[in-house]
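Residue numbers (the numbering used here): 86 to 505.
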């Protein structure tokens, strides 16, 4: 009996022990599973963090690009007037990304008109008009006026042509084509759409004048086969074309004979006297004067010219009009003035006189005063200080980009250089 009781007791204890062992084993198993789960979760979280970090590295530059795009879409333009439909004109400017053309674009845009700029960027630069890109009133077309253009406009300012000696002598035939075929195309466009055309002609139609100052009724003294003939004669025949279209086809034309002009957005190394002197003075190089320096020039600031062009376009004056500053200076005086304004220690270096260099250049602007109520208002020194400031900034910009421009002499016969 005792042995049976002992057996039952041992059996009960074993069952409890087995249950306890099973319980402990179950707890150990659950703990093991839970530990593996926690480890896996930790590994997963770490992996997710690494993935998120990688994604962030890729996405951040994209975010920056999006911010830049948002800024470009919300670009702040210069203030623009609102014009009613009847007052707002559709205006085409050929050569509108160039020196004078870009300033004219600014004025017409700010006056509230719709402006289309056409340029082949031979001498024009997109950066001259980039502050208008995206504006609802502005359009920029990369186009050469030697090819026909089909567009609906009310006014055409035909400025397309290289204007500095190195540029127009670089490809004389192209210069002639621009001033002849290009002008024919623009006159044809004006005829088709009933637009008024203003031709940006030049004081170079007077050549090396025998009359001083030069008035609009002076026929000029031009060498038709000289190094400048591609430009001088190109502009003379362009004027002839304008008046042929006016007489035969009834096209409204305006002709501006533009004298020496300077200001911001000029090419610093285009070979013209203003840019050469400023560039040389800023870089501490000798100011190169060709001949004795007794040749005279009259310089106007670009804003005065732009105001004159707009006044002429909107006037009833169909005959040629001089636009220039009658304040005459010798080249030597001008070199000394720029040297003093820059504060440069540059010397003045005299070189041999250039071929076909006009000895006198001064506009008679009585017609512009009487019929347009226009005359230059920006003093020479004030305009030069603005140009010097612009050129100094350009030099700093180009120095940071490892490019330093040098004055570019005009390419002429016998290797001699001339003033513009």
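A virtual CB, placed ideally from N, CA and C, is assigned to each residue, including glycine.
Residue pairing of residue 448 in beta bridges, as defined by DSSP: 299. Within the same chain, and ignoring the five residues on either side of residue 269 in sequence, the residues whose Cβ sits closer than 7 Å to its Cβ are 326. With contacts defined by Cβ atoms closer than 8 Å, residue 176 and residue 200 form a contacting pair.
Between residue 290 and residue 266 the beta-carbon gap is near 19 Å, outside 8 Å, which marks them as no contact.
Within the segment 368 to 456, the complete beta strand (DSSP E) segments at least 3 residues long are 372 to 375, 381 to 383, 406 to 408, 413 to 415, 433 to 436, listed from N- to C-terminus.
Rounded to the nearest whole angstrom, the C-alpha separation of residue 352 and residue 137 is 51 Å. Excluding residues up to 5 positions away in sequence, 240, 337 lie with their Cβ nearer than 6 Å to the Cβ of residue 281 in the same chain. Under the three-state reduction of DSSP, residue 347 is assigned to strand. Taking each of 470, 299, 294, 302 in turn and checking the Cα distance to residue 308, the smallest one comes out for 294. In the structure shown, residue 477 adopts helical secondary structure according to DSSP, grouped into three states. If the five residues before and after residue 372 are omitted, its C-beta is found closer than 7 Å to the C-beta atoms of 362, 365, 366, 420, 424, 431, 433, 434, all from its own chain and listed in chain order. For the pair residue 473 and residue 481, the Cα-to-Cα distance works out to about 12 Å.
With 16 or more other Cβ atoms inside 10 Å of its own Cβ, residue 380 counts as buried.
In the displayed model, residue 165 falls within coil according to three-state DSSP, outside both helix and strand.
The segment 446 to 459 makes contact with the segment 404 to 413, as at least three CB pairs between them are under 8 Å. Each residue's CA atom was taken as its position, placing residue 174 and residue 220 some 16 Å apart. The alpha-carbon of residue 385 is positioned some 15 Å away from that of residue 415.
Remark: C-beta atoms of residue 456 and residue 400 approach each other more closely than 8 Å.
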